[in-house]
Every structure is written in structure tokens, then in C-alpha cells.
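Positions -12 to 305 (the numbering used here) are the ones given, in order, by the sequence shown. Just so you know, even glycine gets a beta-carbon here, dropped at the ideal spot from N, CA and C. Predicted model only: the values in this text are computed from it and were never measured.
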Amino acid sequence: MDYSHQLHHKKWPLNFDLLIPFLKFNQELERELLLNQTKVYFKSEKFIICENLNTKPIWAQDWWPNTRLVNYSTKSDAARLLKSQKNLGVYYNSNSSALAANLRKEIREVPTKRIQYSVPTKFNFKFFAWTILDQENLLICDQPHSRFPLGWNEFNEDKSIPPNRAYLKLWEILCLGYISLNPSDIAIDLGSSPGGWTWALSEQVAKVYSVDKAPLDPKISGSPAIVSYEEDAFKLDPKNFKDATWLFSDIICTPERLYQLVQTWMSQSPIKNFVCTIKFKGPCDFEILKKFNLIENSKIIHLYQNKNEVTWIKQGIQ
Ligand SMILES: C[S@@+](CC[C@H](N)C(=O)[O-])C[C@H]1O[C@@H](n2cnc3c(N)ncnc32)[C@H](O)[C@@H]1O
-12 MDYSHQLHHK
-2 KWPLNFDLLI
8 PFLKFNQELE
18 RELLLNQTKV
28 YFKSEKFIIC
38 ENLNTKPIWA
48 QDWWPNTRLV
58 NYSTKSDAAR
68 LLKSQKNLGV
78 YYNSNSSALA
88 ANLRKEIREV
98 PTKRIQYSVP
108 TKFNFKFFAW
118 TILDQENLLI
128 CDQPHSRFPL
138 GWNEFNEDKS
148 IPPNRAYLKL
158 WEILCLGYIS
168 LNPSDIAIDL
178 GSSPGGWTWA
188 LSEQVAKVYS
198 VDKAPLDPKI
208 SGSPAIVSYE
218 EDAFKLDPKN
228 FKDATWLFSD
238 IICTPERLYQ
248 LVQTWMSQSP
258 IKNFVCTIKF
268 KGPCDFEILK
278 KFNLIENSKI
288 IHLYQNKNEV
298 TWIKQGIQ
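Shown next as C-alpha cells:
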């Protein structure tokens, strides 16, 4: 697609941000910006240029605050500009430019590797992010928001134990420090079958109550840290789980039903900490997200590992 008609960057403000949408969720990011009345100056399939923001939008995979438009005249000029940055570089491939391939050979880059899961992560690079806007301008951000370059949160997967790939959502939450668990914590995992989350949790906490109408995979169910119930999660009595400190839910249900479930557990149990997947059948329901957002000490993120769903996290003081 040709976006050159939008390239009136002379009309862009001096300060602007760049957003990279999650793959296939450009429209959700655009809708979110529209609902938030964010001024957008440019959009392509690969990124959006907008006014300065205070927080990362849910549907942005990466957020480059205070991105700079840096004019270059020749290839060697562009190389000089990039080499003058003090940190390692991360290139975002926004237009498959041959020039970019040449420039990348001249600068020091963060190695592109899958994440090795550890809690907390040992990854500690400082880097700048850049891309090519057109034949005269680079876009450079000194401090992109995502911990791992471009929010590309791909892990070295464990293909032996977990029965499905759902555990990667929890790995992302734990490794990136969205929550912190104590070895003495006790977790309830609702909608837990076949057991990816239950397995990941059982490695971090003292006990997991694992609840699903369907059974756990036998590879998981034998663990002494796991107590499994084949039951309807909506019919549990919170009073029977007095020692639990965290509630996790990956149940397939409507956002409204999940909201009711969360309200029940917040009012009828001492649990203060929650991680719940809010799943959408169609487009993102921003109205229900507003309701979740109103719950104290909570936030909504879209994980790299989330598909058409978002994750609601509440970490309170126990
Ligand atoms: C996306 S899967 C969960 C995957 C799981 N987190 C894992 O890591 O393996 C959704 C689960 O919700 C369960 N579910 C749907 N309705 C439920 C209900 N009323 N009570 C308990 N589980 C339910 C389904 O049986 C299904 O196993």
C-alpha cells in the first residue's frame, strides 16, 4: 500500500510517539486511539505516529515515546547518525528497505534471540530503536517501552511437559514482572484444563487448586503441589478456599460473566490478586474493559501471547 500521500511530516509536531500494533490487531489499536481521542498523524500497516501518550495503549505491541524524525542526506550520513547513538540498536523492519540492510551491517545491534524463561528475567540490554520512514528520514527512539526489543516476546518453549501453549501467557506475565509470586502463595486456577497454567504456577507457588469441567493432562495431574477439581468454576463457593492468595482464570466465557465471577471472589473471599483472560468472540469490547479498569489496583494488558483476548491483572496487598 502506498502511504506517501500521508507523509506530511513537516506538519507533524516536534514531539510525537510511534506505536507498533500487535500483528493482525491494527484495527483494534486504531479504534482504541479513536476512543481515547488520540491525535494520529500517520498510519501504515506497520506503525502509527501519534501525539505523546502517558501510557502504552492495550493493542500496541511496542510504544516508542518521543520518537525523533532524523533527516539524512546519503547512506553514509544515515550510518553516521545511527553510529552516534550511545546504546545498541534495534531495527524495526517497516518497509523492507535495502538501505536498512546495509546500515544494519554498520551498527552494533542487540542480538535477536528467543527469551530464555527465568523469573525475573536476566535480560538487561539498553537499546535504541529505529526504522526508515522515507528516502530522507529515519525514525529513532532512544528509550522504547518494551523490555525485549520491539515487544517480540517469543520464548524458548518447553515442548516436553506443558500439554498446550497456554503456559506461554503465564511465562510472559512472570518473566516480564507484571506480577510477583511468593513460594508460599496458594493459587486457584479456573478453566485450567489441560493444565499449562497449572503446571507453570505449580513451579512458583506452594499449592494450586486447579478447576475445570474437563480433566487435567495426566502429565500434570500427578504433581503433589496440584489439587484438581473437575467442576463448574462458576459454582464454586469461595468460602471453601480460605487459604488461597491468588485467583487465575483462563475460562472461555463472555467478559460479562467473567466480570461477575471476579466480583463474587472479590466480595466473598480474602483474595486480593487476580490474573484473568478476557476473551472476545468479535471485536474488542472497550465498554466492558472500562468496567474492569475501574477495579482498584488493576490494569489491562494485551500480552504478546494473547490472541483475540486481553489480560486483566490486579495485584493488591495481602
Ligand atoms: C483456554 S482453555 C484453558 C487452558 C488452560 N489455561 C491451560 O493452560 O491449559 C479454557 C478452559 O475453560 C474451561 N471452561 C469453560 N467453561 C468452564 C466452566 N464453567 N467451569 C470450568 N471450566 C470451564 C474449558 O473446559 C477449557 O478447558
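Those runs of the alpha helix (DSSP H) which lie wholly inside the segment 61 to 142 and span at least 4 residues | 62 to 70, 85 to 93
Do W299 and C263 come within 8 Å of each other at the CB atom, strictly closer than that value?
-> yes
Spatial neighbours of E15 within its chain, please: CB distance less than 6 Å, with the 5 preceding and 5 following residues excluded, ordered by chain position.
-> W46, C271
Using DSSP with H/G/I as helix, E/B as strand and the rest coil, what is P225?
-> helix
Going straight from the alpha carbon of F267 to that of I238, what length do you get?
-> 12 Å
Euclidean distance between Cα positions of A66 and N140 = 28 Å
Going by C-alpha distance, which of K43, Q72, S63 is nearest R55?
-> Q72
To which residues of the same chain is K286 closer than 7 Å at the C-beta, ignoring the five residues directly before and after it?
-> I300
Given C240 as reference, the closest of V192, W252, E296, N284 once Cα atoms are compared | E296
Return yes when at least one heavy atom of ligand 1 lies under 7 Å from the C-beta of N177, else no.
-> With the sequence shown as reference, residue 177 is identified as Leu, and Asn is not the correct amino acid for it. Checking every heavy atom of ligand 1 against the Cβ of L177, one is found closer than 7 Å.
Start-to-end residues for the beta strand (DSSP E) that takes in W186 = Element bounds for W186: not the beta strand (DSSP E) but the alpha helix (DSSP H), 183 to 189.
At a cut-off of 7 Å, is C240 close to ligand 1 when judged by its beta-carbon and the heavy atoms of the ligand?
-> C240: yes, Cβ under 7 Å from ligand 1.
Using only the heavy atoms of ligand 1, determine whether one of them is closer than 7 Å to the beta carbon of V198.
-> Yes - ligand 1 has a heavy atom lying nearer than 7 Å to the Cβ of V198.
Check the C-beta distance from P211 over to G183 and give it rounded, since I have them as a contact under 8 Å.
-> No, P211 and G183 are not in contact; Cβ-Cβ is about 19 Å, not under 8 Å.
Out of L10, L1, A187, point me to the one whose CA is closest to C162's CA.
-> A187
May I ask you to list the residues that DSSP assigns as paired with A47?
-> P8
Kindly examine ligand 2 and report whether one of its heavy atoms sits closer than 7 Å to the Cβ of W252.
-> You won't find ligand 2 in this model; what it holds is ligand 1.
Those runs of the beta strand (DSSP E) which lie wholly inside the segment 217 to 287 and span at least 3 residues | 233 to 236, 260 to 266
Tell me whether W184 counts as near ligand 1, meaning its Cβ is closer than 7 Å to at least one heavy atom of that ligand.
-> At a cut-off of 7 Å, the beta-carbon of W184 counts as near ligand 1: some heavy atom of the ligand is closer than that.
Same chain, Cβ closer than 7 Å to T251, neighbours up to 5 away in sequence not counted | P225
Helix, strand or coil at I207 [DSSP, three-state] | helix
Helix, strand or coil at Q14 [DSSP, three-state] = helix
Three-state class that DSSP yields for L40 in the structure shown = coil
Nearest CA to the CA of I288: which residue from N2, N23, K43?
-> K43
With DSSP collapsed to three states, give me the class of E144.
-> Coil.
Would you check whether ligand 1 has a heavy atom nearer than 7 Å to the C-beta of S180?
-> yes
Check whether the Cβ atoms of N2 and N58 lie closer than 8 Å to each other.
-> No, Cβ-Cβ distance for N2 and N58 is not below 8 Å.
Going by alpha carbons, who is nearest to N124 out of I175, L86, M253?
-> Closest by alpha carbon: L86.
Report the residue from I258, L20, S180, S171 whose alpha carbon sits nearest the alpha carbon of S197.
-> S180
Reduced DSSP secondary structure (H/G/I, E/B, other) of I160 = helix
DSSP on K33, reduced to helix/strand/coil?
-> coil
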